[in-house]
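A quick write-up on the structure given underneath.
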Amino acid sequence: MIPSYLGFADRSNKSAAAADLRAAVPSVEAWHLDHGTYAGMTVAALKASYDQALDASIVSLGALSGTTYCVMAKSPHDSTKRAAKAGPSAPITIGATCP
Numbered sequence: 074m075i076p077s078y079l080g081f082a083d084r085s086n087k088s089a090a091a092a093d094l095r096a097a098v099p100s101v102e103a104w105h106l107d108h109g110t111y112a113g114m115t116v117a118a119l120k121a122s123y124d125q126a127l128d129a130s131i132v133s134l135g136a137l138s139g140t141t142y143c144v145m146a147k148s149p150h151d152s153t154k155r156a157a158k159a160g161p162s163a164p165i166t167i168g169a170t171c172p
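If you read the sequence shown in the working numbering, its first letter stands for residue 74, the second for the next number, and so on.
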């Protein structure tokens with residue numbers, strides 16, 4: 074019973090991280106539309122301007138440039154469970170982190 078529960082909890086935490094990441098991406102893209110760049114973007118600025126529900130303890134940014142970004146989300150229940158998206162056309166990668 075316990076191994077089954079642990080597997081369920083692991084999948085659930087990974088799913089939570091991916092869901093939080095998918096929720097953050099529209100704000101990231103809105104920033105780019107408004108500013109013409111990803112540079113200078115912060116989670117605080119995204120939260121203030123585009124999505125007040127963004128949680129800086131879960132969502133983080135890395136590797137920002139004019140045309141690319143990396144946004145990462147971690148599970149609120151297990152910070153080792155992460156998902157990342159490195160750029161506008163990149164897929165969401167479970168277990169990845171931003172550089």
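The C-beta atom is built at its ideal place from N, Cα and C for all residues, glycine as well. None of the values given here were measured: they were computed from a predicted structure.
Which of helix, strand or coil DSSP assigns to residue i
i	result
L94	helix
Whole-angstrom distance between residue j and residue i, CA atom to CA atom
i	j	result
L119	I131	13 Å
H150	G139	33 Å
D93	A157	10 Å
G109	V101	11 Å
Where the alpha helix (DSSP H) through residue i begins and ends
i	result
L118	Note that residue 118 is Ala in the sequence shown, not Leu. That run of the alpha helix (DSSP H) goes V116 to S122.
Candidates the options, of which the one nearest residue i by Cα
i	options	result
A97	G168, S85 and Y142	Y142
T170	M114, V144, A89 and S162	V144
Start and end residues, beta strand (DSSP E) containing residue i
i	result
A157	R155 to K158
I167	I165 to I167
G135	V132 to G135
Close beta carbons around residue i, own chain, < 7 Å, minus the five adjacent residues each side
i	result
G187	The chain is shown only over 74 to 172; residue 187 falls outside these bounds and no answer can be derived.
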